[in-house]
Amino acid sequence: MKKIRIGIIGMGRMGITHYSIINSYPDVQVESVADPSGLVTTIMNKYLSAKTFKDYNTLFNEVKPDAILVCTPPALHYPIAKKAAELGIHAFVEKPFTTKYKEASELAALYTQKGLVNQVGYVNRFNDVFVKMKELLDNNIVGEIIRFKSEMFSCTITRSDVSSGWRATHENGGGAVFEMASHAIDLVHFLIGKPDKIMGSSLNHIYSKNVEDAVSATFLYKTGKSGTIYINWSDTSYRKPTNKIEIFGTGGRLLADQHSIKIFMNNENAHYHFRKGWNTLYITDIFKPVSFYVRGNEFTRQLYHFIDCVEGKVQKNLCTFSDGANALEVIENIFKDYEQNGRI
Amino acid sequence: MEPIDKIILGDNQFFGINHMSEEKAQQLAEKFYDINNIFKVYQNAFDAGIRAIMLNSNDRAKDICAHFRENKNQYSDMAWYPSVPYPHKYANLIAEKGIIPTLNEVLFKGNTTIGALNMIAKGGIAVLAKDAMKMMQMLVDIEMKMFKGLNIKVVFLQNIITDLMLGYNVKEVFYEYCEYIRKKYHALPGLITLNMPYLKTKLEEWNITGVVICTSFNKIGYLMSPDVNSYIQAAHNNNKAEYQLMAMSTLASGAIPAKQAYGFINQQNIQSVVFGASDKGHIEETVKLIQL
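So the protein sequences, as listed, match chains E and B.
The letter at position 306 of the first sequence is residue 326 when you use the working numbering, and the numbering goes up by one with no holes.
The letter at position 150 of the second sequence is residue 154 when you use the working numbering, and the numbering goes up by one with no holes.
What follows is the structure, given as structure tokens:
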């Protein structure tokens, strides 16, 4: 069978990880890579067979891959994905997808219209714990959802700005909202749905000058439910990035992180063997192994899913450009709400 | 290949690492904030007959190494199994600054070794790019500095690096790493992986032998890609003269009771177990249960 020819654009941290993972998929050949860094292309030329390019336009012109993984700084995602669509290339684009909702929804429409596979890298949608949580919610395990809390912590930024780079400004997709809160927001969309209104947004600078290091906001829904998000990437008490989500419903309460789901049930559930009161599902109870592991099952699963969609083995993509656009709409509303109401 | 120790005390319990529960991890981090509590655990392990320590090159490992250097007479027959690098240090730096500034900072900032100074004189990172293996060696040396003066038996590459490189399918990286560890540290090269059957197949294909492979091994298949049966099979077919297998995550983060876990492990063709425990009773029990 003819292998799917992949191009990877941007060989930073995510590009390097994705290359390794997707290269392990038997039907795939990583044929080309674009990165402006001479360091990266020099090393790659020496050890790998993929052709390297300094920029994506040359890559498109010279090899025209079947599918691309876009791992550049976020501000470049839009022009790259747009060009790819014109050429009929399927695209996986890292989160936060783009830096503007308008561009994001334009790309979502364009890819749908052309029938091209499109996926955004909200990896939590492929995480064993959160997938299980989604299943539990779909089975109405906590009854009607009333309140939720979606939080994310890490010790990513723990020193004052010294360098600039793309992470220093919102225009380029930097800051805790684009880079981290986007995950927490998408997790809410995945598990609960998109909010109808944002209020009470606040942003804090801890170490960064031009972008926020912490953010919180309240999400309101027409149905009456509501919830909050709180994200802080300068919290040194966390050794590694941690997602926490809590959902309160008429039937009980769910608390989850990447390791476990704790469930308080108002009544027992025979199907899941949950008793009345507290129940715990550990990651060791619910994980599903992947055929090749680099950074967590979810990273492998998300890229294999993308390839399965490109090959037509799977029809419905689990994290489309339209999902990416939804997160960006909420992000813009948080910024807008903060501008209008967040300062005293 | 020189046989490795059958039972090795690991270090996850000291550094607030618990794959099952963040609360448990936090409790451990609090308990071991005082480094003397770490030394007590090592003493208990020593009293239980353990003569081998696996330690990741994180910041606190420096003080642990210093303690054992200072008390060398007491622990003269202790064998060391360092693992490099400390991945979170790099992950956070890279997330903050990007890859090239991170390499610059790690390789050159405050690194006054002659190798590093020469490299800066020649043009630093840009020149180093032409010799990626030299860069790998310098990174290993930086991480290994803290273990100086200890009796080093195996130097392990952490799974995040091993498995990342495995995906790239490049023989040279593995070959050069193994050679460098043998020559520079007079130790066995070690690779930690969560893809043991695949790694072993590749090493055989590349004709790289004399390697210690450390991998998750438990009966529920937790952190074992692709699945538990492939692991059992790969271990069964293994020639220990070529690859010694060391099992980690044997309790699957506490999901399997110790007796059951080692009942399974003892039946496998495995040469060694690394385990993490902080309680005196657990350490003694584990030593009794492991019958390789």
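Cβ atoms here follow ideal geometry from the backbone N, Cα and C, with glycine treated the same way.
On a predicted model such as this, the values are computed, not experimentally measured, just so you know.
Host alpha helix (DSSP H) of Thr61/E (start-end)
Walking along the first sequence from the start, residue 61/E turns up at place 41. It spans 58-67 - the alpha helix (DSSP H) in which Thr61/E sits, taken as one unbroken run.
So, for Leu137/B: in the same chain, excluding its five sequence neighbours on each side, which residues have a beta-carbon less than 6 Å away from its beta-carbon?
Here residue 137/B is taken as the residue at index 133 of the second sequence, counted from 1. Before going further, note that residue 137/B is Met rather than Leu in the sequence given. Within the same chain, Met137/B has close Cβ partners Glu180.
Do you know offhand how far Tyr292/E's Cα is from Asn233/B's?
As a first step, residue 292/E is located in the first sequence; it is residue number 272 there, counting from the start. As a first step, residue 233/B is located in the second sequence; it is residue number 229 there, counting from the start. One Cα belongs to Tyr292/E, the other to Asn233/B, and the distance between them is close to 27 Å.
With 16 other Cβ atoms within 10 Å as the buried cut-off, status of Glu147/B:
As a working note, residue 147/B is residue 143 in the second sequence. With 16 or more other Cβ atoms within 10 Å, it is buried.
Nearest neighbour of Val277/B, chosen from Thr219/B, Ile224/B, Glu289/B, Ala238/B [CA to CA]:
For the purposes of this step, residue 277/B is taken as residue 273 along the second sequence, with counting starting at 1. The option with the nearest alpha carbon to Val277/B is Thr219/B.
For Lys204/B, collect the residues of the same chain with a Cβ closer than 8 Å to its Cβ; drop the 5 residues on either side in sequence, then sort them by chain order.
As a first step, residue 204/B is located in the second sequence; it is residue number 200 there, counting from the start. Taken in chain order, the residues that qualify are Ile217, Ala238, Asn242, Tyr247.
Shorter than 8 Å from the beta carbon of Pro309/E to some beta carbon of chain B?
Taking the first sequence and counting its residues from 1, the one referred to as residue 309/E is at position 289. So yes, Pro309/E belongs to the interface.
Is the beta carbon of Phe151/B less than 8 Å from the beta carbon of Pro91/B?
For this step, residue 151/B is matched to residue 147 along the second sequence. For this step, residue 91/B is matched to residue 87 along the second sequence. Cβ atoms of Phe151/B and Pro91/B: not closer than 8 Å.
Is Tyr226/B close to chain D, meaning its C-beta is less than 8 Å from at least one C-beta of that chain?
Absent from the structure: chain D. Protein chains present are E and B.
Where does His110/E land, buried or exposed, given buried means 16+ other C-beta within 10 angstroms?
As a working mapping, residue 110/E is identified with position 90 in the first sequence. His110/E is buried by the Cβ-count criterion.
Since Val83/E and Gly163/E should fall inside the 8 Å C-beta cutoff, what is the C-beta to C-beta distance between them, to a whole number of angstroms?
Here the question's residue 83/E lines up with position 63 in the first sequence. Here the question's residue 163/E lines up with position 143 in the first sequence. Their Cβ separation, rounded to whole angstroms, is 53 Å, which puts Val83/E and Gly163/E out of contact at 8 Å.
What does the alpha-carbon distance come out to for the pair Ala133/B and Asn77/E?
Counted from its first residue, the second sequence places residue 133/B at position 129. Counted from its first residue, the first sequence places residue 77/E at position 57. Each residue's Cα considered, the two are about 25 Å apart.
Amino acids of chain E, ordered along the chain, whose beta-carbon sits closer than 9 Å to that of Tyr202/B
If you number the second sequence from 1, residue 202/B lands on position 198. Result: Ser44, Ser311, Phe312.
According to a CB-to-CB cut-off of less than 7 Å, which residues of the stretch 88-109 of chain B neighbour chain E?
Near chain E, meaning a CB-to-CB distance below 7 Å, the residues of the stretch 88-109 of chain B are His92, Asn96, Ile98, Ala99, Glu100, Lys101, Gly102, Ile103, Ile104, Pro105.
Same chain, Cβ closer than 8 Å to Ala105/E, neighbours up to 5 away in sequence not counted:
Taking the first residue of the first sequence as position 1, residue 105/E is located at position 85. Correct list, in chain order: Ala111, Leu127, Leu130, Tyr131, Lys134, Leu136.
Leaving out the 5 sequence neighbours to the left and right, which residues in its chain are closer than 6 Å to Gln139/E when beta-carbon positions are compared?
One-based indexing of the first sequence puts residue 139/E at position 119. Correct list, in chain order: Phe112, Phe326, Asn337, Cys339.
Using the Cα positions of Val177/B and Gly171/B, report the straight-line distance between them to the nearest angstrom.
Start at 1 with the first residue of the second sequence, and residue 177/B comes out as number 173. Start at 1 with the first residue of the second sequence, and residue 171/B comes out as number 167. Gly171/B has its alpha-carbon roughly 12 Å from the corresponding atom of Val177/B.
Three-way DSSP call (helix, strand, coil) for Tyr131/E in this model
Along the first sequence, one-based indexing puts residue 131/E at 111. The answer is helix: DSSP assigns Tyr131/E an H, G or I state.
Nonlocal neighbours in the same chain, by C-beta distance under 7 Å from Asn353/E, ignoring five residues either side:
The count along the first sequence starts at 1 and reaches residue 353/E at position 333. The residues are Ile218.
Figure out for me which residue from Leu293/B, Asn211/B, Gly225/B has the closest Cα to the Cα of Glu183/B.
As a working mapping, residue 183/B is identified with position 179 in the second sequence. Of Leu293/B, Asn211/B, Gly225/B, the residue nearest in Cα terms is Asn211/B.
Roughly how many angstroms lie between the CA atoms of Tyr235/B and Phe221/B, to the nearest whole one?
By 1-based counting over the second sequence, the position of residue 235/B is 231. By 1-based counting over the second sequence, the position of residue 221/B is 217. Rounded to the nearest angstrom, the two C-alpha atoms are 8 Å apart.
Just checking: is the beta-carbon of Gly32/E within a distance shorter than 8 Å of some beta-carbon in chain B?
Reading the first sequence from its first residue, position 12 is the one you call residue 32/E. Closer than 8 Å to some Cβ of chain B, the Cβ of Gly32/E qualifies, so yes.
Just confirm the distance between the C-beta atoms of Ile88/E and Ile29/E, as a whole number of angstroms; I'd bet it's less than 8 Å.
Here residue 88/E refers to the residue found at position 68 of the first sequence. Here residue 29/E refers to the residue found at position 9 of the first sequence. 6 Å between Cβ atoms; contact.
Just the C-alpha distance for Met153/E and Ile166/E, rounded to the nearest angstrom, thanks.
Walking along the first sequence from the start, residue 153/E turns up at place 133. Walking along the first sequence from the start, residue 166/E turns up at place 146. Their Cα atoms are separated by approximately 16 Å.
Output yes if chain E places a C-beta closer than 8 Å to the C-beta of Gly128/B; else output no.
For the purposes of this step, residue 128/B is taken as the residue at position 124 of the second sequence. Closer than 8 Å: no.
Does any CB atom of chain E fall closer than 8 Å to the CB of Glu176/B?
Counting from 1 along the second sequence, the entry for residue 176/B is found at position 172. Chain E, which has a Cβ nearer than 8 Å to the Cβ of Glu176/B, makes this yes.
Within 8 Å (strictly less), CB to CB, does Gly194/B reach chain E?
Numbered from 1 along the second sequence, position 190 holds the residue referred to as residue 194/B. Gly194/B does not count as touching chain E.
Can you check DSSP and say which residues form a bridge with Thr238/E?
Taking the first residue of the first sequence as 1, we reach residue 238/E at position 218. Partner(s): Met219/E, Thr248/E.
Report yes if the C-beta distance between Pro365/E and Phe198/E is below 8 Å; otherwise report no.
The structure shown has nothing for residue 365/E, since chain E only spans 21 to 364.
Which of the three DSSP states is assigned to Gly128/B in this structure?
The sequence position of residue 128/B within the second sequence is 124, counting from 1. Residue state, collapsed to three classes: coil.
Going along chain E, which residues have a C-beta under 7 Å from Asp51/B?
Along the second sequence, read from residue 1 onward, the residue named residue 51/B stands at position 47. Per Cβ cutoff of 7 Å: no residues; Asp51/B is ~30 Å from chain E at best.
Less than 8 Å between the beta carbons of Ala234/E and Ala196/E, yes or no?
For the purposes of this step, residue 234/E is identified with residue 214 of the first sequence, where counting begins at 1. For the purposes of this step, residue 196/E is identified with residue 176 of the first sequence, where counting begins at 1. Yes; because the gap between Cβ atoms is below 8 Å, this pair is in contact.
Which same chain residues end up closer than 6 Å to Tyr302/E when comparing Cβ atoms and leaving out the 5 residues on each side of it in sequence?
The residue labelled residue 302/E in the question sits at position 282 within the first sequence. Taken in chain order, the residues that qualify are Ser280.
Glu288/B to Asn147/E span [Cα, whole Å]
Residue mapping note: residue 288/B aligns to position 284 of the second sequence, counting from 1. Residue mapping note: residue 147/E aligns to position 127 of the first sequence, counting from 1. Spanning the two alpha carbons is a distance of roughly 36 Å.
Please list the terminal residues of the continuous beta strand (DSSP E) segment that includes Phe279/B.
For the purposes of this step, residue 279/B is taken as the residue at position 275 of the second sequence. Residues 276-279.
Looking at chain E, is there any beta carbon in it that lies within less than 8 Å of the beta carbon of Ala256/B?
Translated into positions along the second sequence, residue 256/B becomes position 252. At least one chain E Cβ lies under 8 Å of Ala256/B.
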